[in-house]
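Notes follow the structure.
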Amino acid sequence: MPTKRNILMVTAELAPWAKVGGLGDVAQALSAALAGRGHDVRVVLPLYGHLDRARLGIRPLKKLPPLALRVGQKVHDVRFHVQGPPAGRLKIYLVECEDLFAGRGIYTGPDGKGFADSLERASLHAQAALLLPRLLGWPVDVVHAHDAEAVPALLYRDHWYTGRDLPGPAATVLTIHNLAHQEIHLPDRVLDLGLPRSLAVYPGLLEFHGRMNLLKAGIASADRVNTVSPTYARETVADPAYGCGLEGVLGARGAGYSGILNGADDEVWDPLRDPHLAENYGPARLAGKDACRAALADELGLAVPGNPGRPDKPLCGFVGRLVHQKGVDLLIPLLERLVGDGFTFAVLGTGDRDLEAALDAVAARMPDAVSFTRVFDEALAHRIYAGCDLFLMPSLFEPCGLSQMYALKYGSPPVVRRTGGLADTVVDADDAAGTGFVFDQARPEALLACLRRAEALWDDPDRWAALQVRGMGCEFGWSRAAASYEDVYLQALEARTIRA
Ligand code: ADP
Numbered sequence: 007m008p009t010k011r012n013i014l015m016v017t018a019e020l021a022p023w024a025k026v027g028g029l030g031d032v033a034q035a036l037s038a039a040l041a042g043r044g045h046d047v048r049v050v051l052p053l054y055g056h057l058d059r060a061r062l063g064i065r066p067l068k069k070l071p072p073l074a075l076r077v078g079q080k081v082h083d084v085r086f087h088v089q090g091p092p093a094g095r096l097k098i099y100l101v102e103c104e105d106l107f108a109g110r111g112i113y114t115g116p117d118g119k120g121f122a123d124s125l126e127r128a129s130l131h132a133q134a135a136l137l138l139p140r141l142l143g144w145p146v147d148v149v150h151a152h153d154a155e156a157v158p159a160l161l162y163r164d165h166w167y168t169g170r171d172l173p174g175p176a177a178t179v180l181t182i183h184n185l186a187h188q189e190i191h192l193p194d195r196v197l198d199l200g201l202p203r204s205l206a207v208y209p210g211l212l213e214f215h216g217r218m219n220l221l222k223a224g225i226a227s228a229d230r231v232n233t234v235s236p237t238y239a240r241e242t243v244a245d246p247a248y249g250c251g252l253e254g255v256l257g258a259r260g261a262g263y264s265g266i267l268n269g270a271d272d273e274v275w276d277p278l279r280d281p282h283l284a285e286n287y288g289p290a291r292l293a294g295k296d297a298c299r300a301a302l303a304d305e306l307g308l309a310v311p312g313n314p315g316r317p318d319k320p321l322c323g324f325v326g327r328l329v330h331q332k333g334v335d336l337l338i339p340l341l342e343r344l345v346g347d348g349f350t351f352a353v354l355g356t357g358d359r360d361l362e363a364a365l366d367a368v369a370a371r372m373p374d375a376v377s378f379t380r381v382f383d384e385a386l387a388h389r390i391y392a393g394c395d396l397f398l399m400p401s402l403f404e405p406c407g408l409s410q411m412y413a414l415k416y417g418s419p420p421v422v423r424r425t426g427g428l429a430d431t432v433v434d435a436d437d438a439a440g441t442g443f444v445f446d447q448a449r450p451e452a453l454l455a456c457l458r459r460a461e462a463l464w465d466d467p468d469r470w471a472a473l474q475v476r477g478m479g480c481e482f483g484w485s486r487a488a489a490s491y492e493d494v495y496l497q498a499l500e501a502r503t504i505r506a
């Protein structure tokens with residue numbers, strides 16, 4: 007039995023109600039899996055303006071006093087709230103701050119741009135999180151920060167809490183879900199974090215090429231650092247194209263930097279029980295998937311050529327952030343040609359304006375064959391995973407990727423580039439253990455060649471069904487990952503003892 011730990015999760019996202027991408031799913035499922043293994047996990051996130059307090063059961067935590075927290079030159083009023091049943095195993099705390107969080111979402115405004123006061127928001131979130139152990143009389147073993155936004159919690163732990171009271175050893179762990187988001191600012195902004203200017207000037211911890219870089223500081227200072235798949239961990243150290251400039255800093259961590267593959271939450275992602283689907287189905291009852299395809303085509307106005315039980319060509323799905331990372335640029339130039347061959351497409355996503363506009367244009371030209379839904383819609387995402395025959399994820403890089411795991415579980419073989427977590431979760435159909443289709447070069451022709459292989463296999467229904475069933479049988483439960491995080495926590499605690 008692993009030792010029970012008190013774990014403070016500092017995250018900007020928590021599924022399903024504060025989610026932009028995979029971080030939200032992981033923060034939720036990992037915390038729940040650790041709590042299920044007996045750890046005392048407390049998640050702290052900002053009380054965003056879009057959260058419906060009444061519907062989500064968010065209520066003030068009356069036993070804690072209101073606080074006044076300084077961020078830069080300003081002092082902000084702060085209150086703690088909680089969410090979920092009082093006896094729930096997982097404890098979720100939300101930080102209310104009228105000035106910084108009210109009326110606004112997670113990272114971006116309606117114009118799609120990041121908030122100018124992202125540092126101030128991150129600072130307040132981190133300060134509130136680190137105050138909780140003392141306010142609750144709860145000795146914290148591990149402060150687990152997720153991505154650049156939560157790095158201030160690690161910095162404050164090391165720079166403020168040498169002289170202040172923080173019960174428990176409070177070893178630090180940083181999990182990187184996306185290396186591309188680093189929070190890079192002018193060095194003077196370090197004052198907004200309440201940290202000394204020397205830290206943002208060479209050779210200070212936050213300094214990176216004349217700027218202040220939060221993620222760099224987190225990587226260099228956390229007791230343990232990990233990312234979300236073994237292949238991405240290797241790629242980010244070995245290849246500057248993946249390291250986003252931080253390859254040297256990551257490499258310098260040696261064995262202190264590792265990759266732990268995310269899981270997929272079976273409670274939420276299971277076609278046998280999914281309430282969003284037209285019909286539930288499983289590996290022993292694949293026919294239900296035909297009903298899901300038909301309902302999806304109907305909902306999106308797609309005319310899928312061929313027999314309803316067996317279209318001429320696969321209906322292809324895409325669900326994800328529309329950013330260049332996701333390889334949408336590889337797909338767009340192929341759409342017209344593939345539609346000419348009888349393929350149909352269901353695309354769901356929001357993101358970069360240029361990609362959205364390109365998809366809008368294709369969908370407007372071929373509305374029967376290409377549907378593009380430009381919103382964030384959790385229920386529609388479920389229906390696409392279930393209703394499509396092939397799931398497209400040609401990412402240029404992918405720290406882990408959850409969508410391909412959901413597609414596997416929903417019997418929709420993924421088409422992926424061999425990178426990061428995609429390489430760790432999808433086996434090419436040419437292999438006896440195949441579960442999907444894998445290609446190497448980040449070029450439209452390579453994706454097209456891969457789709458041609460899928461098209462050929464589609465014409466062999468028995469082999470196709472065998473491919474689906476193998477994918478649906480993949481084990482992506484969170485307990486394996488949770489056990490690996492327990493090891494990382496132990497290593498972090500040992501490193502903290504040596505440091506003390
Ligand atoms: P990333 O973390 O890079 O965004 P992942 O594949 O790890 O990519 O996770 C993406 C998650 O976000 C999945 O749960 C996916 O279904 C969801 N998602 C992305 N875009 C949308 C959208 N527009 N509507 C609903 N869900 C979405």
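Going by the working numbering, the first residue of the sequence shown is number 7, and it counts up by one from there. Note that CB positions come from ideal geometry on N, CA and C, so glycine has one too. The structure presented is a predicted model; accordingly, all values stated were derived computationally and were not measured.
- In terms of CA proximity to R505, D164 leads the group D164, Y113, D147, L51.
- For R65, the three-state secondary structure derived from DSSP is strand.
- In the three-state reduction of the DSSP assignment, S401 falls in the coil class, being assigned neither a helical nor a strand state.
- Within the same chain, V47, R95, L96 come within 7 angstroms of A41 by CB-CB distance, once the 5 residues on both sides are set aside.
- In the three-state scheme derived from DSSP, where H, G and I count as helix and E and B as strand, S418 is classed as coil.
- Assigned with DSSP and collapsed to three states, D366 falls in helix.
- Under the three-state reduction of DSSP output, A290 falls in the coil class, being neither helix nor strand.
- Collapsing the DSSP output to three states places P71 in coil.
- For S409, the CB falls within less than 7 angstroms of some heavy atom of the ligand ADP.
- A straight line joining the alpha-carbon of A392 with that of Q188 spans about 34 angstroms.
- Distance from the CA of V494 to the CA of A352, rounded to the nearest whole angstrom, comes to 40 angstroms.
- R217: member of the beta strand (DSSP E) spanning 217 to 219, first to last residue.
- The three-state reading of DSSP puts L172 in coil, since its state is none of H, G, I, E or B.
- Counting along the chain, I182 sits inside the beta strand (DSSP E) bounded by residues 177 to 182.
- Judged by pairs of C-beta atoms under 8 angstroms, the segment 436 to 446 does not touch the segment 294 to 302, as fewer than three such pairs exist.
- Look at the beta carbons and you see the segment 362 to 377 not touching the segment 403 to 415: under three pairs across the two are nearer than 8 angstroms.
- Using a Cβ distance threshold of 8 angstroms, I112 and Q89 do not count as a contacting pair.
- Shown here, P202 sits in coil according to DSSP, grouped into three states, outside any helix or strand.
- Per DSSP, the unbroken beta strand (DSSP E) holding A352 starts and ends at 350 to 354.
- For G312, the shortest separation between its Cβ and any heavy atom of the ligand ADP does not lie below 7 angstroms.
- Runs of the alpha helix (DSSP H) lying entirely within the segment 207 to 244, each at least 4 residues long, are 220 to 227, 236 to 244 in chain order.
- Contact between G174 and P145 holds, with the beta-carbon distance rounding to 3 angstroms and staying under 8 angstroms.
- Looking from the CA of L278, the closest CA among L267, A290, N268, A270 belongs to A290.
- Counting C-beta pairs with one atom in each stretch, the segment 272 to 287 and the segment 235 to 254 have fewer than three that are closer than 8 angstroms, which means they do not touch.
- Within the DSSP bridge table, the entry for G323 names A352, F397 as partners.
- A residue is called buried when at least 16 other Cβ atoms come within 10 angstroms of its Cβ; K332 meets this threshold and is buried.
- Beta-bridge analysis with DSSP links H82 to L75.
- The C-beta separation of A228 from L211 comes to about 11 angstroms, leaving the pair out of contact by the 8 angstroms criterion.
- The C-beta of D147 has 16 or more other C-beta atoms within 10 Å across all chains shown, which makes the residue buried.
- With a 10 Å radius around the Cβ and a threshold of 16 neighbouring Cβ atoms, N219 comes out buried.
- Taken through DSSP and simplified to helix, strand or coil, K332 comes out as helix.
- DSSP places V157 in the uninterrupted alpha helix (DSSP H) bounded by 157 to 165.
- For D430, the number of other beta carbons within 10 angstroms of its own is at least 16, and it is reported as buried.
- When C-alpha distances from A460 are compared across D318, R389, P339, the shortest belongs to D318.
- DSSP, reduced to helix, strand and coil, places Y495 within a helical segment of the structure shown.
- With fewer than 16 other CB atoms across the displayed protein chains lying within 10 angstroms of its CB, E500 is exposed.
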